[in-house]
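Data block below; observations after.
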Amino acid sequence: MDLFRTFILRRLRQEKLRALATVLGVALGIAVVLAVRMANQSSVRSFETALEMVAGKTSLEIVGSGQGLREERLLELGWLEQFGQISPVIEGEARASFPSGEREWLKILGVDILRDETLRDYRLVRLADRQQSPTPREFLELLSDPGAIVLTQKLARRYGLDPGSGLDLDIGDRRETLTVRGLLLDRGPARALNGTFALMDIAAAQWFFGRLGRIDRVDLRLKPEISIDRAEAAIAARLPEGLGVQRPSRRGRQVEKMLESFHFNLTALSHIALLVGLFLIYNTVSLSVITRRREVGILRAVGVSRRQVAGLFLAEAGLLAAMGCALGILLGGWLARGALTLTGSTLDRLYIRSAAEPVSLGPEHLVLAFAVGIPLALLAALVPALEASRVPPTEAVRDADRVESRFRLSWRQRWLPAILSALAVGFACLDSVDGLPLFGYAACLSIVFAVAFLVPVVLHVSGRVGSRLTRRWTGVEALLANANLSGSIPRISISVAALAVSLSMVTAITIMVGSFRETVQYWVEQTLRADLFVAPATRSNVYSESTLSPELVRLISTSSRVAAVDPFTGFNIDYQGRRVLLGSGDFEVHLSHSGLLFKAPRQGESAMRAAIGEDAAVVSESFALRHRKAVGDRLVITTDQGQRAFRVAAVYYDYSSDQGVVVLDRSTFRKYYGDRPPRSLAVYLKEGLDPERARSEILAGLPPESRLFVHTNASLKTEVLRIFDNTFTITYALEVIAVAVAILGVATTLVTLILDRKPELALLRWAGAEQRQIRKMVVIEAALLGAVSQGLGVVAGILLSLILVFVINVQSFNWTIQFHLPAGFLLQSSLLILLATALSGIYPAYRAGRMPPAQEA
Amino acid sequence: MPVLNAEAVGKTYTQGEAPVVAVREVNLTLEKGEFVALTGPSGCGKSTLLHLCGGMDYPTRGRIWLDGTDLGSLDEGRLTRVRRRQIGFVFQSFNLLPTLTALENTALPLMLDGVSPDVARRKAAGLLERLGLLHRLGHYPQQLSGGEMQRVGIARAVCHDPLLLLADEPTGNLDSANGADVLELLQELNRSLGVTVLLATHSAEMAAAGQRVLQMVDGRIESRRPVSRPDLDDGMG
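Sequence lines, in order, name chains A and B.
If you're matching positions, the first sequence starts at 0 in numbering that gives the first Met the number 0 and goes up one per residue.
If you're matching positions, the second sequence starts at 0 in numbering that gives the first Met the number 0 and goes up one per residue.
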């Protein structure tokens, strides 16, 4: 311990900057991992907690085919009473606008309060003139008015609402004003979602959500003496066709499954920053060992054992990592909020309403930070620590001529990159594991390590080329800078590797996103053909359906400007444990006006035409890949008439969601599910009309309370790309952090190199180098490091992007992307990196410039 | 005008609490073409005096003129240029940059001064050839023997035709044969180039090579002994 204090701690105190940079690097790595984890957990956990709270004492639920069941089927379910109490339920979301101008999503439960009180615990706030809660009957009276809604006390307080206040709610394509009739105490379902919960009478909710004649599900509270397993089996056996029984938690598991790929990929990305942080640890300990070989020799000469020497350097790594982890935990909580904001809009739009607040920092996160950070840091430090332990005692008495042996490539540096690249190819050919691209990431990791091992070779070669060039073409500063770097290959390799790895990731992800964007753009151009697109103002996602009201559909369809309308009807169904969008469109209109991009068969249009009126479906690529269905296969789907098999007629490209879509022709859909209001309309205008003008004219003909999005073809295309770009903001944010950490590593290395090269610098100063020349030399060194890193990063990045595009993306999201190389961007980013690394050399250059000449070197 | 003229020069370092006086009240004049030896035990202030004469550090007292220029009046940048153009320095431990070849090490002061790489290289190569190192131009220091390294060090010190060549124990790290060669080389350069040499050494044998020998003790120059040319005034004021 004493040796640790004198040998390690004192040195760290002298080199505060290096210690600080390393701690900061590890801290950022840990913080990013924690932040992404907390943001991911918050979306699933808030859904599950809300589910649990709203489920109350519900043990089982009876569900229909996708969008609920017809009301009259309740009559067939009277026998359920023998298992316990039942309560039919409507559940939906609406967006409330408060008097303050703020808006929030409300989860609204529509129930028959007399039945439901046995399943869920509602308590009304005692009113000032009463000492008691209202009786169920009074409660019923509160809700009997069809415009009545009961909010939570928490929400009402937040927005200054009282019983009697009006509340504007946007639902689907219209706005309704309801009256707050009562407030719920903070217990039972009222605790869900931070108070954004509201209660309505079931009949009012049916009208409000446009689900007249339907209910979403029947909740069942079992009698205490009946076991849930037996009940579930018995009920399943007796339910009529088209109905199913499940536990409420099933929906939570579905959400987890659905978000799995999204979360997995974010988590994988977040680890890049950690990886770079660990490179920093390796770097710091390596530099510490390299620059202190002589001191280590002295320690060995006076009797310190090998094990003790290794222990000292490992302890240094452990200390820096522990400090980094502690700081990372603090930073992580703060970054989590940012991560949640960045992922929130993607989740809202594509999957579920996400939580506004990240889950709070818990013991689990503390354990994660230290359990991941410290062992990995020790592992990273093991190689240099062992190297230190092999320093012979004679090192202490070596002639201090400062003449070192020149760098030679070892067999490891020659062969490991080749072996790792071969491994990468092997991994890339393997299939996904349980839907997760584990081998794809293993291939990426192999490339990353191949790059790391390749760095000394590249530095060696580029140093030789550089020396030829600088000898002839540049000033003395560049010659010196190149010579200095060639002479310090073992010392700079790690920081160059760290920077190259993070830059390769940025390059790879940029290429992947760029390719994806090009693909989506092409797809949008080919498939979005309608002149106008109409959708309700509150959008649908997997757990919230918004539809257009029949009146608006009729008004738009009959407009004199409209040539044809293709309504898209659909809802989410359960297919093999996953949520799948079951849709219907008018195949006839679609074929004559629009253009799907078919993946199979070659003659997609004629296959689609043949499916009209048949029990056949057109499915999206993500559905086909995820569920391994090809043209000609059969899908069994639960319809209102029970289970039916549909032939897969064609597979089309779709990039709107990775959820998977099954589309039936309108006539087929109507046969099995009856008439349903559409989720959106594709409108084809009569020839020669200006879409912008037609849009305004059609909107002017609609009732003023309508809440619609009407996009022209051009504005929708822009919107699609805007959403696309939004989705990848977090990806870039994570990358920028990784690159920042790596640049920090370069700056630290340069400072250490300068301290280590004091005698040479003094010599240069003696030989007449001006401060300006020394500074220039160091900045050139920094820029050269940046250039080598970026060069390597671009090459490796292109390889990684191939894996991302052709392996990981296909395995995670089940869609194919056309490869596209954004040359302009790569050039720009290269210049930017060169500039950034050169800037990172300014402080080290300043330090170097201040070295006095008057020292015997 | 003397090449170097030092008047009542002193240098005091502050090390912790206690000031350490390294050089006290030194007066010294070096004429053009002189070869002067400075002897004394280690720690007597030889190196410090050389550093002060070479413009590597400022004296705390007194003044030093190099070719009529008061070194104390120059700012850091100008002092650097003086070192680059007018001073050559040979070190005991050679102090070659390990990452540069023999040729590059030699040409360094010229290149730092903005001389074109080709011209600098040609001049350095000529000098190294004269020193018998033509076959070593592209070698790195660690590929050279001690004697060769010191010859490169000397080539570097005279490559830019300095007025004053300062040599601090240049044979200290060499065996006697190589040491004799280096001394001979310094004398030869003194004669052929006319460069003034101030050689610091603790060896009496080496000191005997000087036209004058200055004895330094505890930071002072105690005695000056003209050696081979008693007719030449030592110029001390």
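Glycine included, every Cβ here is placed at the ideal spot set by N, Cα and C.
ask   = Would you call A/Tyr672 buried or exposed, if buried means 16 or more other Cβ atoms sit within 10 Å of its Cβ?
value = The sequence position of residue 672 of chain A within the first sequence is 673, counting from 1. The residue in question, A/Tyr672, is buried, as its Cβ has 16 or more Cβ neighbours within 10 Å.
message = Whether or not the region 734 to 743 of chain A and the region 259 to 272 of chain A are in contact is what I'm after, with contact meaning three or more pairs of Cβ atoms, one per stretch, closer than 8 Å; do they touch?
response = Touching, per the Cβ criterion.
query = With C-beta atoms as the reference, is A/Ile280 less than 8 Å away from A/Ala189?
reply = For the purposes of this step, residue 280 of chain A is taken as residue 281 along the first sequence, with counting starting at 1. For the purposes of this step, residue 189 of chain A is taken as residue 190 along the first sequence, with counting starting at 1. Contact flag unset, no.
task = Measure how close the beta-carbons of A/Phe645 and A/Arg627 come, nearest whole angstrom, since I'm counting them as under 8 Å.
result = For the purposes of this step, residue 645 of chain A is identified with residue 646 of the first sequence, where counting begins at 1. For the purposes of this step, residue 627 of chain A is identified with residue 628 of the first sequence, where counting begins at 1. About 16 Å; that fails the 8 Å criterion.
A/Val630 versus A/Tyr652: straight-line alpha-carbon distance, rounded = As a working mapping, residue 630 of chain A is identified with position 631 in the first sequence. As a working mapping, residue 652 of chain A is identified with position 653 in the first sequence. Going by the C-alpha atoms only, they are around 14 Å apart.
request  = Closer than 8 Å by beta-carbon distance: list the chain B residues that pair up with A/Ala741, in chain order.
outcome  = As a working note, residue 741 of chain A is residue 742 in the first sequence. Simply none; closest approach about 25 Å.
query = Which of helix, strand or coil does DSSP assign to A/Ala272?
reply = The count along the first sequence starts at 1 and reaches residue 272 of chain A at position 273. Secondary structure at A/Ala272: helix, using DSSP grouped into helix, strand and coil.
ask   = Which same chain residues, not among the five before or five after A/Asp430, have their C-beta less than 8 Å away from its C-beta?
value = For the purposes of this step, residue 430 of chain A is taken as the residue at position 431 of the first sequence. The residues are Phe438, Gln810.
task = Pull up the distance between the alpha-carbon of A/Ile877 and that of A/Glu90, whole angstroms please.
result = Residue numbering for chain A in the displayed model covers 0 to 856; residue 877 of chain A lies beyond these limits and cannot be assessed.
key: Own chain residues within Cβ distance below 6 Å of A/Val454, not counting five before or after   = Locating residue 454 of chain A in the first sequence gives position 455, where the first residue counts as 1. Within the same chain, A/Val454 has close Cβ partners Ser492, Val495, Ala496.
query = Using DSSP with H/G/I as helix, E/B as strand and the rest coil, what is A/Tyr651?
reply = The count along the first sequence starts at 1 and reaches residue 651 of chain A at position 652. Strand, per DSSP.
inquiry  = Going by C-alpha to C-alpha distance, which of A/Gly790, A/Thr748, A/Leu784, A/Ser409 sits closest to A/Arg846?
reply    = Here residue 846 of chain A corresponds to residue number 847 of the first sequence, with the count starting at 1. For the residues A/Gly790, A/Thr748, A/Leu784, A/Ser409, the minimum Cα distance to A/Arg846 belongs to A/Thr748.
task = Pull up the distance between the alpha-carbon of A/Gly425 and that of A/Ile802, whole angstroms please.
result = Taking the first residue of the first sequence as position 1, residue 425 of chain A is located at position 426. Taking the first residue of the first sequence as position 1, residue 802 of chain A is located at position 803. A/Gly425 and A/Ile802: Cα-Cα distance of roughly 12 Å.
task = Pick out whichever of A/Arg694, A/Ala648, A/Leu11 has its Cα sitting closest to the Cα of A/Ala599.
result = In the first sequence, counting from the first residue as 1, residue 599 of chain A sits at position 600. When only C-alpha atoms are compared, the closest one is A/Ala648.
ask   = Applying a beta-carbon distance threshold of less than 8 Å, which residues of chain B neighbour A/Ser485?
value = Counting from one through the first sequence, the residue named residue 485 of chain A turns up at place 486. Near A/Ser485 (Cβ distances below 8 Å), the residues of chain B are Thr98.
inquiry  = Just to check my reading of the structure: A/Gln253 and A/Val62 have Cβ atoms closer than 8 Å, yes? What is that Cβ distance to the nearest angstrom?
reply    = For the purposes of this step, residue 253 of chain A is taken as the residue at position 254 of the first sequence. For the purposes of this step, residue 62 of chain A is taken as the residue at position 63 of the first sequence. With a Cβ gap of about 12 Å, A/Gln253 and A/Val62 do not count as contacting.
query = Roughly how far, in whole angstroms, is the beta-carbon of B/Thr105 from the beta-carbon of B/Cys158, given that I think they are within contact range, below 8 Å?
reply = Mapped onto the second sequence, residue 105 of chain B falls at position 106. Mapped onto the second sequence, residue 158 of chain B falls at position 159. Yes, B/Thr105 and B/Cys158 are in contact; Cβ-Cβ is about 5 Å, under 8 Å.
inquiry  = Against B/Arg150, what residues of chain A qualify as contacts under a CB-to-CB distance less than 7 Å, listed in chain order?
reply    = Within the second sequence, the letter at position 151 stands for residue 150 of chain B. Ordered by position in chain A, no residue passes the 7 Å Cβ test against B/Arg150, which lies about 15 Å from the chain.
ask   = To the nearest angstrom, how far is it from the Cα of B/Gly234 to the Cα of B/Leu48?
value = For this step, residue 234 of chain B is matched to residue 235 along the second sequence. For this step, residue 48 of chain B is matched to residue 49 along the second sequence. Note that B/Gly234 scores 37 on pLDDT, short of 50, meaning its location in the model is unreliable and no value can be drawn from it.
ask   = Can the beta-carbon of A/Thr506 be found less than 8 Å from the beta-carbon of A/Gly792?
value = Sequence index remark: in the first sequence, residue 506 of chain A carries index 507 (1-based). Sequence index remark: in the first sequence, residue 792 of chain A carries index 793 (1-based). Cβ distance < 8 Å, so A/Thr506 and A/Gly792 count as in contact.
message = Which complete alpha helix (DSSP H) runs does the region 278 to 325 of chain A hold, if anything under 4 residues is left out?
response = 292 to 300
query = If you measure from the beta carbon of B/Arg82 to each beta carbon in chain A, is any gap under 8 Å?
reply = For this step, residue 82 of chain B is matched to residue 83 along the second sequence. So yes, B/Arg82 belongs to the interface.
task = Would you mind sorting A/Met607 into buried or exposed? The rule is 16 or more other CB atoms within 10 Å of its CB.
result = The residue given as residue 607 of chain A occupies position 608 in the first sequence. By the 10 Å Cβ count, A/Met607 comes out buried.
key: Alpha-carbon to alpha-carbon, A/Val284 and A/Gly276   = As a working note, residue 276 of chain A is residue 277 in the first sequence. As a working note, residue 284 of chain A is residue 285 in the first sequence. Cα to Cα, the separation comes out at about 13 Å.
inquiry  = Quick test of your reading: A/Arg216 and A/Gly77, contact by CB under 8 Å. State the CB separation rounded to the nearest angstrom.
reply    = Here the question's residue 216 of chain A lines up with position 217 in the first sequence. Here the question's residue 77 of chain A lines up with position 78 in the first sequence. Not quite, the Cβ-Cβ distance comes to about 17 Å (not below 8 Å), so this is no contact.
ask   = With DSSP run on the structure shown, which of helix, strand or coil describes A/Arg849?
value = Within the first sequence, residue 849 of chain A is the residue found at index 850, counting from 1. Looking at A/Arg849 - three-state DSSP - the assignment turns out to be coil, as it is neither helix nor strand.
ask   = At a CB-CB cut-off below 7 Å, which residues of chain A make contact with B/Asp112?
value = Numbered from 1 along the second sequence, position 113 holds the residue referred to as residue 112 of chain B. What B/Asp112 touches in chain A: Gly767.
ask   = A/Leu74: buried (16+ other C-beta within 10 angstroms of its C-beta) or exposed?
value = The residue you call residue 74 of chain A lines up with position 75 of the first sequence. A/Leu74 comes out exposed.
ask   = Which of helix, strand or coil does DSSP assign to B/His159?
value = As a working mapping, residue 159 of chain B is identified with position 160 in the second sequence. Three-state result, B/His159: coil.
inquiry  = If you measure between the beta carbons of B/Pro140 and B/Ile86, is that distance less than 8 Å?
reply    = Within the second sequence, numbered from 1, the residue matching residue 140 of chain B stands at position 141. Within the second sequence, numbered from 1, the residue matching residue 86 of chain B stands at position 87. Contact: no.
request  = May I ask which residues mark the beginning and end of the beta strand (DSSP E) holding A/Leu580?
outcome  = Here residue 580 of chain A refers to the residue found at position 581 of the first sequence. Note, A/Leu580: beta strand (DSSP E), 577 to 584.
ask   = What are the partner residues of A/Val617, as DSSP defines its beta bridges?
value = Position 618 of the first sequence, counting from 1, holds the residue named residue 617 of chain A. Per the DSSP secondary-structure output, A/Val617 pairs in a beta bridge with A/Ala649, A/Val662.
query = Where does B/Cys43 land, buried or exposed, given buried means 16+ other C-beta within 10 angstroms?
reply = Here the question's residue 43 of chain B lines up with position 44 in the second sequence. Answer is buried; the Cβ neighbour count reaches 16.
request  = Please state whether DSSP places A/Arg627 in a helix, a strand or coil.
outcome  = What you label residue 627 of chain A is simply residue 628 of the first sequence in a count that begins at 1. DSSP, reduced to helix, strand and coil, places A/Arg627 outside both helices and strands of the structure shown, so it counts as coil.
query = For A/Asp218, which beta-bridge partners are listed by DSSP?
reply = As a position in the first sequence, residue 218 of chain A is number 219, starting the count at 1. Note: A/Asp218 sits in a beta bridge opposite A/Glu60, A/Ser86.
query = If we cut at 8 Å on Cβ distances, does A/Arg774 have a partner in chain B?
reply = The residue you call residue 774 of chain A lines up with position 775 of the first sequence. No, A/Arg774 does not count as interfacial toward chain B.
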